[in-house]
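Enquirer: The opening position of the sequence shown corresponds to residue 82 in the numbering used here, with each subsequent residue numbered one higher.
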Amino acid sequence: MKVYRILIIIVGIAVLLSILTLKEKNEDITIEAPITPIKAVDTSDEVVNYEEYSLTLDAEEPYINIMEFGAIPNDGLDDSASINQAIIEAVNRGIKVIVLPSGELHISDTIILEHNISLMGSGDTNIIILNELEALFDITEVSHIKLCGITIDNKNFKLHDIIYGVGAKASEDVVIEHIHSSNGGRSFIYVKNIQNLSLSNNIIKDTSYRAMNIYNPNNLTIDSNSVDTNASDFGINVEAGSVGVYEMKDVFITNNVVKNTEDGGITVRALRNSMHSIIISNNKIINTGKAAIKATIEVGYENTSLYNIKIYENEINRFANNYKEAGITVSDYNGKMNVYDAEVYNNTIIGTGNSFYGMRFQGSKNIRVHNNTLKDGFLDSGILVENSKDIILENNLVQDSCIQKKANVIQGGVLLSMSENCTLLGNTIKNNGTKSNPAIGILVYRTIKSEISNNYIFEDLDEKSQKHAIYESDEGGSENWSKENVFINNYLSDEGNIVISERSVYKP
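#1: Considering only residues of the same chain and omitting the five flanking positions on each side of Glu424, which have a CB-CB separation below 6 Å?
#2: Do you know offhand how far Leu240's Cα is from Asp160's?
#3: Given this structure, state the Cα-to-Cα distance separating Ser355 from Met148, to the nearest angstrom.
#4: Going by DSSP, what residues sit across from Cys229 in a beta bridge?
#5: Under the rule that 16 or more other beta-carbon atoms within 10 Å means buried, what is His196, buried or exposed?
#6: Distance, Cα to Cα, Asn535 vs Asp481?
#7: If you reduce the DSSP assignment to three classes, tell me which class Asn146 lands in.
#8: Is Gln485 helix, strand or coil when you go by DSSP?
#9: At a cut-off of 7 Å, would you count Asn146 as near the ligand MN, judging by its Cβ distance to the nearest heavy atom?
#10: Taking Ser49 and Ala251 to be in contact with their CB atoms under 8 Å, please state how far apart those CB atoms are, rounded to whole angstroms.
#11: How many Å lie between Asp304 and Asn336 at the Cα?
#12: What is the DSSP secondary structure of Ser263, reduced to helix, strand or coil?
#13: Residues in its own chain within less than 6 Å of Ile569 by CB, not counting five upstream and five downstream?
#14: Counting along the chain, where does the beta strand (DSSP E) carrying Gln547 start and finish?
#15: Could you check where the alpha helix (DSSP H) with Ser163 kicks off and where it finishes?
#16: Apply the 10 Å Cβ neighbour rule to Tyr572 and answer buried if 16 or more other Cβ atoms are within range, or exposed otherwise.
#17: If you check the beta carbons only, do Val388 and Val411 fall under 8 Å apart?
#18: Hey, could you find the ends of the beta strand (DSSP E) Phe539 is sitting in?
#19: What residue from Lys511, Glu475, Gln547, Lys487 has the CA that sits closest to Glu532's CA?
#20: Please state if the CB of Gly444 and the CB of Gly416 are separated by a distance shorter than 8 Å.
#21: Can you check whether the CB of Tyr290 is closer than 8 Å to the CB of Asp314?
#22: Give me the Cα-Cα distance between Gly514 and Asn212, rounded to the nearest whole angstrom.
#23: Tyr393 by DSSP, collapsed to three states: which one?
#24: Can you give me the C-alpha to C-alpha distance between Asn299 and Arg350, rounded to a whole angstrom?
#25: Which residue marks the beginning of the beta strand (DSSP E) containing Met329, and which one marks its end?
#26: Would you mind sorting Ala140 into buried or exposed? The rule is 16 or more other CB atoms within 10 Å of its CB.
#27: Buried or exposed: Leu138, going by 16 or more other Cβ atoms within 10 Å of its Cβ?
#28: I'd like the list of long-range same chain contacts for Glu34, defined as Cβ closer than 7 Å, with 5 residues on each side in sequence excluded.
#29: Kindly provide the ranges of any beta strand (DSSP E) runs that are 3 or more residues long and lie completely inside the segment 492-520, ordered along the chain.
#30: What are the boundary residues of the beta strand (DSSP E) that Asn184 is part of?
#31: Rounded to whole angstroms, what's the CA-CA distance from Gly522 to Tyr537? Just pull it up for me.
#32: Which residue marks the beginning of the beta strand (DSSP E) containing Val567, and which one marks its end?
#33: At which residues does the beta strand (DSSP E) containing Asp309 begin and terminate?
#34: Given this structure, state the Cα-to-Cα distance separating Tyr526 from Val466, to the nearest angstrom.
#35: Buried or exposed: which applies to Ala401, given that a residue is buried once 16 or more other Cβ atoms fall within 10 Å of its Cβ?
#36: By alpha-carbon positions, which one of His225, Lys273, Glu253, Leu181 ends up nearest to Ile233?
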């Protein structure tokens, strides 16, 4: 403990001396350098809030065991008819709970769930799929369904690529939890038009398309799941994809681990309809092919909106391996600013040199981005704000950006490009660029009516990597670009390394 205290005292003295030295060089600057902590990332695949399953039955509530209808675990014979017969009998008798015994059950036909049925495994109930099926469990036009405590083994038909573990449509009040799915075929779950859906404590491995594929959500909870796909498209995909249905809102994606996807980690998109009130928090996304987290409107969907979004306390490491996207993207790719009213904060993004950006805000408005940590290598900019307005970037740490030189590509630790009424306040921009690609800490490019104040821009590398601390440019723009921007009390680690001019020209 004494050693740690001594180290803390030494670090504190060093920081104080640095501040005093810099003040001597810049007497007109009064702000002190902010100390922004670098957050560590937990790269394990453990779901922090995962709850172990145990079959618990209410002593007052009757139930049916499928063994009453001829199912015998571990006998290698088909148990499909026994399960479906048990469901029919439960409906006829008004019984809600059906128990699947321990051991292996063999299924050759789809299990069709009816109203008010809870199909509950014993925790070590293992279903072996015998035939090629569109879905193992079918939940269609029913309500009050629970499916839990089951392991699904699709190893015999992995290559058929059409099997859904659960197919659900036009239903309400559905709970799916504690399902372990391996060799999951196309998707673990395919959902369309389900209101009040909860997916929790599921473990999903080796799907070939989208592990969780949800269309048209209303009150959706995806919590404490583990997704490890190896070859899947998206880990978790949620879309407002149909018109003429209910209002799509209240999406909660929390405490999940998503890793090893060929496409994105967690994606929320407004396509043919709008969606709002979205929380994406406390997830760990590791090793994705494209963006780790996206909240977007895709090109061609100009009449929808995505709003009231919160993305916070997510940990992202190794992303954009296949396509150089961003760690977190909140964008309207049509440039209509129909993605709006968002807050992005307390996220940690480790770049590892594959991605274009740590964060990207394109065609969006009214977004506050604060207290995020971005470090360890972004090819272009740490944070890109493009064709947007009313964006606030506050107290973020952006480190190790602009590591790859590209002809005719503008770069900056933070890049404001063709945007309006943005605020950069109290950010720390550190070690941007390389010896072969000297970079700019904050680049204000064709941007108007924005304030850049109290930012701390520095480098502590042996070889100089920073071209300018702050640069304002309207190269190629009209006389209306790069006007009315305000630069106040920005703290620079090397004297004079700032270029601010209404008519300055920057050529990459």
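Beta carbons: idealized from backbone N, C-alpha and C, even for Gly. Note that the structure is a prediction, hence the values are computed from the model and not measured.
Expert: Once the coordinates are examined:
#1: So the qualifying residues of the chain are Lys391, Arg449.
#2: Low confidence applies to Leu240: its pLDDT is 46, below 50, so where it sits in the model is not reliable enough to give any reading.
#3: Roughly 47 Å separates the two Cα atoms.
#4: Under DSSP, Cys229 shares a beta bridge with Met201, Glu258.
#5: Flag for His196 reads exposed.
#6: 20 Å
#7: strand
#8: coil
#9: The ligand MN is not part of the structure shown, which contains no ligands of any sort.
#10: Missing from the structure shown is residue 49; the chain here goes from 82 to 589 and no further.
#11: 6 Å
#12: strand
#13: Ser534
#14: 547-554
#15: 161-174
#16: buried
#17: In the sequence on display, residue 388 carries Tyr and not Val. Contact: no.
#18: Residue range 537-539 is occupied by the beta strand (DSSP E) that includes Phe539.
#19: Glu475
#20: yes
#21: yes
#22: 56 Å
#23: strand
#24: 14 Å
#25: No beta strand (DSSP E) contains Met329, which DSSP labels as neither H nor E.
#26: exposed
#27: exposed
#28: Residue 34 falls outside the range modelled here, since the chain spans only 82 to 589, and no answer is possible.
#29: 495-498, 504-506, 509-511
#30: Before going further, note that residue 184 is Gly rather than Asn in the sequence given. Element bounds for Gly184: 184-188.
#31: Going by the C-alpha atoms only, they are around 9 Å apart.
#32: Run containing Val567: 567-569, per the beta strand (DSSP E) assignment.
#33: 307-309
#34: 10 Å
#35: buried
#36: Ranking His225, Lys273, Glu253, Leu181 by Cα distance to Ile233 puts Leu181 first.
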